[in-house]
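Visitor: Protein chains in written order, with numbering that gives the first Met the number 0: chain X, 0 to 286; chain A, 0 to 467. Think of the CB as a built atom: it goes at the ideal place given N, C-alpha and C, for glycine as much as any other residue. The structure is given below, and queries will be raised subsequently.
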Amino acid sequence: MSERKIDDETGVETTGHSWDGIEELNNPLPRWWLWTLYACIVWAMCYTIAYPAWPMISGATQGMLGFSTRGQVAADIVDHEAKNEALVAELVAADLTTLPPSSDLHRYAVARGGSVFRAQCSQCHGSGAAGAVGYPNLLDNDWLWGGDIENISATITHGVRNDTDLDARYSEMPAYGDIFAEEEIEAVVEFVASLSSTEFDTDLAQVGSELFLDNCAACHGDEGLGDQMLGAPNLADAIWLYGGDRDTLAETVTNARFGVMPAWGQRLSDVDVRAVSVYVHALGGGE
Amino acid sequence: MSDRPLYAPQEPIFPRRVSGKFRNLKWVIMAVTLGIYYLTPWIRWDRGPNLPDQAVLVDMASRRFYFFWIEIWPHEFYFVAGLLIMAGLGLFLFTSALGRVWCGYTCPQTVWTDLFILVERWIEGDRNARVRLYRGKWDVRKWRLRLTKWFTWLLIAIATGGAWVFYFTDAPTLLVNLLNFTAHPAAYMTIAALTATTFVFGGFMREQVCIYMCPWPRIQAAMMDPDTITVAYREWRGEERGKKHENKSGDCIDCMACVNVCPMGIDIRDGQQMECITCALCIDACDDVMDKIGKPRGLIDYIALSDEPAERAGEPPAPLLKKILRPRTIIYTAIWSAIGLALLYALFVRSDIELTVSPVRNPTYVLQPDGAVRNIYDVRLRNKAGDDRVFHISLTSDEILRIELEGRGGQRNLVVPADTTILQRVYVTARPQDPASSTDTTALRLWVEDVDADIRASQSTTFNGRVQ
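Given below as structure tokens:
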């Protein structure tokens with residue numbers, strides 16, 4: 000320890016630190032300041048005993064008060080569920096087809112359905128519900144199985160082409176690769192393209208037209224307008240689930256498609272299914 | 000390391016009563032600032048039905064700030080940010096021109112400490128009586144005086160904390176609720192916290208708050224330069240100080256008047272000090288003494304340090320205006336005014352109805368079965384008026400792009416309740432033959448019109464076409 004130095008001007012001892020010739024005086028701290036510091040130290044120690052604080056190898060110390068933010072969130076959830084009980088009961092009992100869009104119940108259903116959608120449905124249909132190749136876009140008003148709320152609800156409850164639910168939506172197009180020759184597939188594709196496109200080979204489409212009427216019209220209709228009862232897509236509009244170019248169409252006709260959706264009625268509560276139905280119906284394409 | 004104590008007990012300060020022009024100025028400022036603080040929440044302002052009639056109100060619950068005819072919504076918080084920046088710059092400006100005038104005259108700590116010292120002086124007497132009482136035994140008289148003083152301080156502290164909460168809710172209602180103990184616990188907690196801080200800071204910590212707790216004295220040096228006008232002792236005139244009979248030549252008779260009146264407990268004759276709040280009470284005290292001994296006033300005075308050489312040489316100081324008008328203060332004033340004008344401009348151009356349009360980007364467009372392209376917009380409509388309004392939504396290029404409000408069928412009129420924001424999804428569709436359906440982006444303007452009043456607002460956005 001260096002020997003004590005006294006500042007000439009003030010007669011106060013210095014700390015011995017000097018910056019550009021300016022020396023630091025070793026003035027004592029005010030008493031209240033020191034007390035405040037000690038009080039803070041005591042407070043901090045009590046705090047780490049009372050609340051979870053010290054990190055251990057797995058997890059942290061629990062704290063004497065048994066407080067945890069996780070527990071607080073759980074309590075909040077219970078609290079909110081209790082508050083929403085009446086709305087939940089109302090939603091389970093409500094006739095969704097006549098639910099007025101400006102009602103509180105509708106707002107609650109959309110908010111609840113939105114959160115269910117983001118948690119369960121967005122993985123395939125996208126967080127904005129715009130779908131992807133093979134996963135229907137839920138924002139437009141083109142529906143494979145119908146877009147009124149009862150059909151939407153049925154699709155969500157039972158799913159599509161899954162074996163877990165006997166009421167699942169089930170459509171199965173044959174793989175025409177086993178039935179048609181390659182030229183025949185090309186002709187059918189050309190006809191299908193002609194339904195929605197202005198540019199096509201008239202002769203080839205003429206050939207395809209006959210094949211279509213014999214093989215495809217049973218489900219898709221004579222004009223390719225599809226059938227929502229059977230889940231047969233409308234081929235005459237601008238929307239293609241798997242793509243509308245010639246190669247993709249040929250692939251679809253040759254091998255067929257088999258998109259699957261789980262039966263959400265087995266996984267979600269009744270109120271959640273109803274809520275997500277209202278949400279999907281309100282996305283912009285509901286009928 | 001040393002035998003010095005680790006802590007220092009507070010040195011008690013007993014400021015003596017003083018009178019003079021600065022003291023009078025401080026009384027006036029105290030009356031005005033305390034008056035503003037206590038009375039503002041009680042001013043009424045008729046805004047019509049459904050809206051509070053308190054002139055100045057920070058309505059946390061409904062997120063509104065009312066200031067007379069001005070109403071600030073959360074998205075207009077830049078007004079508050081701008082005012083805070085102006086307050087900061089104003090502090091810089093005044094400090095660079097006139098030193099710590101804020102500290103000396105208008106700082107709440109100074110105002111309330113002044114008030115507390117006034118009470119102390121009424122109850123315990125002036126400086127000498129207070130020193131005697133401080134040193135005296137804790138007899139009945141001392142207890143009586145101390146308890147009276149503390150009780151009075153506490154009343155002032157409660158009134159201070161109590162006045163604060165009135166800014167946040169309807170004052171008359173809150174007062175009734177406070178008195179019959181039905182007010183919100185937050186109100187009582189706020190009052191308790193502010194009462195405690197006022198009582199402790201104004202009564203017991205006084206100058207310690209300024210020296211140890213307030214950051215301002217530590218950064219003020221950066222705002223000041225030798226041209227700054229500040230309280231200083233004309234050492235060249237006062238020294239060599241001493242009593243007349245001691246044949247000292249300076250004007251300072253070492254009467255200690257300047258030290259005795261100082262609420263910070265310093266001796267201004269030692270030069271510029273961090274502790275000095277430039278409250279000018281020492282000027283009043285010294286001028287009084289100078290009058291008595293027949294010397295000119297101004298031994299301690301508001302002067303600029305840059306004038307020292309001239310004054311030493313017996314020349315007059317530079318004109319006041321020249322010291323105040325210097326690049327530093329001019330730049331501060333310019334920035335301060337620019338922000339002020341910008342805020343004023345923003346205040347006058349804003350409309351009673353407002354809308355924000357945020358295009359939904361997930362997805363950017365939706366293809367319809369007939370080949371039409373639809374874009375979705377989240378439109379927020381704010382009705383700042385005190386009554387319900389009917390708004391009509393339209394597009395500039397109405398015939399090309401069709402507009403539809405979600406959940407409202409073909410309705411394009413919307414009722415927005417008084418003082419409310421509503422969120423409405425709006426669908427805009429371009430038919431396959433419209434160029435917008437196949438153009439990457441098309442500029443678009445969304446209009447909102449108050450159907451009963453001639454108010455319109457619009458917002459430009461873009462329409463995303465189908466990417467080829």
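(1) At the level of alpha carbons, what is the spacing between A:His468 and A:Tyr166?
(2) Give a yes or no on contact between the segment 170-187 of chain A and the segment 60-69 of chain A, applying the rule of three or more CB pairs nearer than 8 Å.
(3) Given that X:Ile238 touches chain A, what residues does it touch there, using C-beta distances under 7 Å?
(4) How about A:Pro216 and A:Met263: do their beta carbons lie closer than 8 Å?
(5) Along the segment 350-362 of chain A, where does the CB come closer than 9 Å to a CB of chain X? Name the residues.
(6) For X:Glu23 and A:Ala30, what's the separation of their Cα atoms in angstroms?
(7) Between X:Ser152 and X:Tyr169, what straight-line distance do the alpha-carbon atoms span, to the nearest angstrom?
(8) Count the other CB atoms, across all protein chains shown, that sit within 10 Å of the CB of X:Met0; report buried if there are 16 or more and exposed otherwise.
(9) Looking at the secondary structure, which residues open and close the alpha helix (DSSP H) in which A:Asp300 lies?
(10) Since X:Val277 contacts X:Leu98 with CB under 8 Å, what's their CB separation in whole angstroms?
(11) By DSSP's criteria, X:Met260 is part of a beta bridge. Which residues make up the other side?
(12) Identify, in the order they occur along the chain, each residue of the same chain with its Cβ nearer than 6 Å to the Cβ of A:Ala284, setting aside the five sequence neighbours on each side.
(13) Excluding sequence positions up to five away, which residues of its chain have a Cβ less than 7 Å from the Cβ of A:Met0?
(14) Which residues of chain A have a Cβ atom closer than 8 Å to the Cβ of X:Trp144, listed in chain order?
(15) Bridge partners of X:Pro54, per DSSP?
(16) Just to make sure I have the definition right: I need the residues of chain A whose C-beta is within less than 9 Å of the C-beta of X:Thr95. Which are they?
(17) Would a check of beta-carbon distances place X:Arg30 closer than 8 Å to chain A?
(18) What did DSSP end up calling X:His16 once you bin it into helix, strand or coil?
(19) Cβ closer than 8 Å: which chain A residues qualify as neighbours of X:Leu33?
(20) Just to confirm the assignment: which complete alpha helix (DSSP H) runs, minimum length 4, are found wholly within the segment 217-273 of chain A?
(21) Count Cβ pairs between the segment 176-196 of chain X and the segment 221-239 of chain X that sit closer than 8 Å; are there 3 or more?
(22) For A:Pro107, does the three-state DSSP call read helix, strand or coil?
(23) In terms of DSSP beta bridges, what is A:Tyr376 paired with?
(24) Helix, strand or coil for A:Asp290? Go by DSSP, reduced to three states.
(25) Over the uninterrupted beta strand (DSSP E) stretch that includes X:Leu24, give me the two end residues.
(26) In chain order, what residues of the segment 185-211 of chain A put their CB closer than 8 Å to some CB of chain X?
(27) Cα separation between A:Gly370 and A:Arg430?
(28) Do you know how far the Cα of X:Gly242 is from the Cα of X:Glu189?
(29) Can you determine whether any heavy atom of the ligand SAH sits closer than 7 Å to the C-beta of X:Trp263, and answer yes or no?
(30) Let's test the definition: count the other Cβ atoms within 10 Å of the Cβ of A:Phe13 and tell me whether it reaches 16, buried, or not, exposed.
(31) With three or more C-beta pairs closer than 8 Å as the rule, is the segment 385-394 of chain A touching the segment 402-421 of chain A?
(32) Measure the alpha-carbon distance for X:Glu128 versus A:Thr441 and round it to whole angstroms.
Guide: In short, the structure shows the following:
(1) Chain A is shown from 0 up to 467; residue 468 of chain A falls before or after that span and cannot be answered.
(2) no
(3) Leu366 and Pro368
(4) no
(5) Val359, Arg360, Asn361 and Pro362
(6) 42 Å
(7) 15 Å
(8) Low per-residue confidence applies at X:Met0: pLDDT is 47, beneath 50, and the placement is therefore not dependable enough to give any value.
(9) Taken as a continuous stretch (DSSP letters only), A:Asp300 belongs to no alpha helix (DSSP H), being part of the beta strand (DSSP E) at Ile299 to Ala303.
(10) 7 Å
(11) X:Val159
(12) Val17, Ala256, Cys257 and Val260
(13) Reliability fails at A:Met0, whose pLDDT of 44 lies under 50, so the model's placement of it is uncertain and no value is given.
(14) Near X:Trp144 there are no residues of chain A at all, since even the closest Cβ is about 15 Å away, more than 8 Å.
(15) X:Ala59
(16) It is Leu, not Thr, that sits at residue 95 of chain X in the sequence shown. What X:Leu95 touches in chain A: nothing, since even the nearest Cβ is about 14 Å away.
(17) yes
(18) strand
(19) Leu5 and Tyr6
(20) 234-237 and 256-259
(21) yes
(22) helix
(23) A:Pro358 and A:Val425
(24) helix
(25) Ile21 to Leu24
(26) Met204, Gln207 and Tyr211
(27) 7 Å
(28) 14 Å
(29) Of the ligands one can find in the structure shown there are none, so the ligand SAH has no counterpart to examine.
(30) buried
(31) yes
(32) Sequence inspection shows Ala at residue 128 of chain X; the Glu mentioned does not correspond to that position. For X:Ala128 and A:Thr441, the distance between alpha carbons rounds to 24 Å.
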